[in-house]
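A short worksheet on the structure shown next.
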Amino acid sequence: ISPDVNLLYLSFAKLDLSYDDISSLIATPALFKSLIGLEYIGINEYFNDALQLRKARPDIIMLLSLGGENYQPISLDAALNSTEKIANLVDELGFDGIDVDYEPNGSFDALNDINKADFYVKYVTKLREY
1 ISPDVNLLYL SFAKLDLSYD DISSLIATPA LFKSLIGLEY IGINEYFNDA LQLRKARPDI
61 IMLLSLGGEN YQPISLDAAL NSTEKIANLV DELGFDGIDV DYEPNGSFDA LNDINKADFY
121 VKYVTKLREY
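For the sequence shown, counting from 1, position 127 maps to 127 in UniProt numbering; every step adds exactly one.
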């Protein structure tokens with residue numbers, strides 16, 4: 001990786017992700033995709049590469065990106081209830097934090113809906129507790 005790189009986004013995890021043990025998920029890529037997101041072929045290699053990069057370049061900020069156009073939460077409550085799991089995943093992977101790319105209905109325009117905007121504020125506020 002170029003020495004000019006100082007920030008890396010690993011995307012996209014689900015806003016309402018759920019898991020109990022990261023090691024069992026990494027061993028089962030289909031389960032990982034269904035519960036966490038991050039649709040990568042060779043998920044083991046992907047995380048090994050990320051961990052090796054962390055060791056080789058501790059100066060790079062590594063963020064877990066949540067959401068994106070494809071990952072809408074099953075329910076807003078499910079997403080609000082997953083914030084601790086997200087914080088745990090970030091810690092387990094040794095990342096520096098998160099990036100929230102919330103695109104309700106695949107568009108930022110949907111944030112004009114008061115319920116979706118209210119959810120976004122609550123979600124980010126709750127994530128900041130960790």
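Where is the CB? At the ideal position from N, CA and C, for every residue including glycine.
For residue i, the first and last residue of its enclosing beta strand (DSSP E)
i, result
"residue 90", "It is not in any beta strand (DSSP E) - residue 90 instead sits in the alpha helix (DSSP H) that spans 83-93."
Proximity of residue i and residue j at Cβ, strictly below 8 Å
i, j, result
"residue 95", "residue 62", "yes"
"residue 22", "residue 92", "yes"
DSSP bridge partner residues for residue i (one or two, in chain order)
i, result
"residue 65", "99"
"residue 13", "37 and 66"
"residue 111", "Its beta-bridge partners do not exist; DSSP assigns none."
"residue 53", "Per DSSP, none; premise fails for residue 53."
Spatial distance of residue i from residue j (CA atoms)
i, j, result
"residue 125", "residue 113", "18 Å"
"residue 84", "residue 69", "22 Å"
"residue 8", "residue 121", "24 Å"
"residue 50", "residue 1", "12 Å"
"residue 80", "residue 67", "13 Å"
"residue 99", "residue 64", "6 Å"
"residue 54", "residue 46", "12 Å"
"residue 29", "residue 39", "9 Å"
Start-to-end residues for the alpha helix (DSSP H) that takes in residue i
i, result
"residue 24", "22-26"
"residue 77", "76-80"
Distance between beta carbons of residue j and residue i, contact taken as under 8 Å
i, j, result
"residue 25", "residue 17", "So it is not a contact: roughly 10 Å between Cβ atoms."
"residue 15", "residue 71", "6 Å"
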